[in-house]
Structure formats: C-alpha cells, structure tokens
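Note that numbering that gives the first Met the number 0 gives residue 280 to position 281 of the sequence shown, counting from 1, and the numbers run on in steps of one. Beta carbons: idealized from backbone N, C-alpha and C, even for Gly. Reviewing the structure listed below.
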Amino acid sequence: MKKMIPKVRKAVFPAAGLGTRFLPATKAQPKEMLPLVDKPLIQYGVEEAIHSGVQNILIVTGRNKSSIEDHFDVSFELEHTLEQKGKDDLLAIVRAISDMINVAYVRQKEALGLGHAVLRARELVGNEPFAVVLSDDVIDAETPCLRQLLDVYEFYGASVVALMEVPEEQVPAYGIVDAEPVEHHGTSDRLYRIRNLVEKPEPSKAPSRLAIIGRYVLTPEIFESIESIGPGAGGEIQLTDALRHLLRNRPIYGYRFEGKRYDAGDKLGFLKATVEFALKRDDLGASFREYLKGIDP
Ligand code: G1P
C-alpha cells in the first residue's frame with residue numbers, strides 16, 4: 000500500500016533580516032516591504048504560496064515588523080475613505096490583501112541565520128511538512144515555483160529545494176548542491192537527488208553550479224537537524240547545513256524549476272525586476288517602454 004503523504008498547509012516567510020544591502024531604505028522598514036512597481040516583495044511570495052494551494056502564512060519577523068503586519072491586516076480608515084470616494088477598484092485591491100490569507104507572526108529576536116529563523120516557526124508549524132519562501136527571490140513562472148516543488152513533494156514525500164544553475168563567479172553567494180539527475184515523468188533534466196550541499200562555497204570547492212533558490216518544501220525532521228548543527232558560513236545557523244544533516248537519514252530532492260527568477264535582494268536584481276514587471280503591466284507597459292526608448296544612453 001502506498002503510504003499517505005501529508006499535505007503541505009503552511010508556508011514560512013523569514014522576514015527578520017537586517018536588509019543591509021538596501022540601506023538607508025531599510026533603516027526603518029523591512030526589505031520585504033520594498034515595492035516592485037506597487038506591490039511589496041513579500042506580497043509576491045505570499046501570492047505565490049496561495050496560488051500553489053498553501054493557505055496558512057507564518058511570517059518570522061524582526062525589528063520594524065509592524066509595516067508587514069499592517070499590510071496584511073484590515074485598514075478600516077483606508078477602506079472607508081476609498082469607499083466614500085467611490086474608488087471601487089482600489090478598494091478591491093486593498094480588501095483582497097487582507098482577505099487573502101490566514102497569517103500568523105512569530106518573532107526572531109536576533110538575526111542569527113536562515114536556519115535559526117525557520118526554527119522559530121517550529122511551534123506554529125508543528126509536526127507537518129511545510130514550505131519556506133524567501134521573498135528576496137521573486138520568481139515569475141507560469142506554474143508557480145512553489146507549486147512545481149509541491150508536485151515533486153507530493154510524489155516522493157521527501158524534502159525538495161528549488162535549484163537554478165548560476166555562473167561560476169556567483170557560486171559563493173548561494174547554497175550549492177552536489178546532485179544526480181533523476182528520471183521523473185519521462186524526463187531527466189529537472190529533478191535531482193541531492194548528494195551533498197554546501198553553503199556559500201569558494202568556487203574551487205563548489206561541487207557544481209546548481210544553486211539553491213529561496214523555495215523549499217521541508218519535512219518536519221528538519222527542525223531537529225537545525226537544532227543539531229552549529230553556526231556555519233558567516234557565523235550563522237544555516238538552513239543548508241541543516242539540510243546536509245537531514246540527508247544522513249532522509250532523501251532530499253532538488254528541482255530545477257521553470258520560470259524567471261529575480262534576485263530582488265540585490266540592487267541590480269531589484270532594478271531589473273522593477274523594469275521587467277513594469278513593462279509587463281497593462282496599465283504602464285506601453286508608456287514605460289516609450290519612455291525607456293527615449294532615454295539618452
Ligand atoms: C539564502 C540561503 C542560500 C540560498 C539563497 C537563495 O542565502 O542561505 O543557501 O542559495 O538564500 O537566495 P542569502 O541570500 O540569504 O544569503
């Protein structure tokens with residue numbers, strides 16, 4: 000008999016980083032609230048989780064968390080004003096955000112690393128599989144990236160990380176995997192079985208150029224693994240190190256997802272995402288394109 004694979008119902012959003020790469024913009028607000036065109040980064044991730052069928056959102060916040068909470072909360076004054084002014088389209092947008100999700104918050108008092116942030120969600124996640132979404136990684140895809148990982152999880156019942164090939168000089172910025180391709184639904188170019196993982200290796204020590212991108216589906220044993228490891232790269236408790244620990248007892252898969260990923264945690268990546276998302280918008284695309292064409296190089 001095939002064993003029952005429990006459903007993923009919760010997604011954890013670490014949002015307690017210091018956002019130093021975006022200072023001074025992130026001095027008094029979390030980087031997750033920086034807008035791409037007119038929507039904060041974290042909302043792109045939350046929408047991806049919802050469109051992937053994951054309804055419960057757990058946000059691990061740090062200092063300056065209030066703007067995130069306010070964003071996903073009902074704004075009575077704003078709704079009232081928009082209603083009075085007859086701005087129904089804006090009202091619908093504002094209402095959709097607070098209607099969208101079941102959200103809970105947990106505090107990470109110190110930014111001690113991604114693994115540490117995920118461990119903070121343990122009580123709220125409980126003993127079930129869950130997703131982790133890093134809002135810095137904005138992924139534009141026909142099938143949401145998280146949904147692609149969930150399809151693999153629902154088949155194998157094991158943890159899955161999103162993978163993308165990166166140029167060699169970017170290897171030290173990522174968790175890098177050693178992995179062998181696995182045949183899946185008749186193809187063998189997207190799914191991998193992970194053999195090892197290294198957080199931010201020097202290029203000479205990297206096992207490949209396959210980098211972990213900020214989408215994970217994790218089985219709950221990961222919490223014990225996080226508790227068992229010490230600080231790793233940068234003196235932080237790394238999720239990648241916990242995955243390597245988990246690998247001793249459980250299989251882990253990697254999926255080279257379909258879609259375009261933007262590194263919105265980096266200034267250039269953020270600008271690229273802004274421009275490309277604006278160009279795709281029905282209300283802005285045409286005039287923005289005209290404007291860009293006319294800029295003096
Ligand atoms: C984190 C992870 C890293 C992963 C990356 C993806 O690093 O630790 O393994 O490759 O996200 O964006 P960070 O970007 O937070 O330094």
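Not one heavy atom of ligand 1 lies closer than 6 Å to the C-beta of Gly61.
Of the heavy atoms belonging to ligand 1, at least one sits nearer than 6 Å to the Cβ of Leu113. Ala15 is positioned such that its CB atom lies closer than 7 Å to that of Gly61.
Counting other Cβ atoms within 10 Å of its Cβ, Asp135 reaches 16 or more and is therefore classed as buried.
Here DSSP, grouped into helix, strand and coil, assigns Met32 to helix. If the five residues before and after Ala205 are omitted, its C-beta is found closer than 6 Å to the C-beta atoms of Val170 and Ile175, all from its own chain and listed in chain order.
In the three-state DSSP reduction, Leu217 falls in the strand class (E or B). Considering only Leu81, Asp150, Ala110 and Ala172, the residue with the shortest C-alpha distance to Gly264 is Ala172. Taking each of Glu31, Val160 and Ile56 in turn and checking the Cα distance to Lys64, the smallest one comes out for Glu31. Between ligand 1 and the CB of Ile251, the shortest heavy atom gap is not smaller than 6 Å. Membership of Leu196 in the beta strand (DSSP E) is indicated by the continuous run Leu190 to Glu198.
Taking all protein chains shown into account, Ala210 has 16 or more neighbouring C-beta atoms within 10 Å of its C-beta and is therefore buried. Measuring C-alpha to C-alpha distances from Gln237 to each of Val93, Leu162, Ala116 and Leu217 identifies Ala116 as the nearest. Counting along the chain, Glu179 sits inside the beta strand (DSSP E) bounded by residues Gly174 to Pro180. Counting along the chain, no alpha helix (DSSP H) covers Val170, and no H or E run does either.
Contiguous beta strand (DSSP E) elements confined to the segment 212-276 occur at 251-255 and 259-262, taking only those with 3 or more residues. For the set Leu123, Ile193 and Glu122, the Cα lying nearest the Cα of Thr239 is the one of Ile193. Looking only at Gln42, Lys84 and Phe75, the smallest Cα-Cα distance to Met99 is reached by Gln42.
The continuous beta strand (DSSP E) containing Ser158 extends over residues Ser158 to Glu164. Shortest Cα-Cα distance from Val159 to any of Leu148, Thr19 and Pro39 involves Leu148.
Of Phe287, Ile251 and Arg94, the smallest CA-CA separation from Asn195 is found for Ile251.
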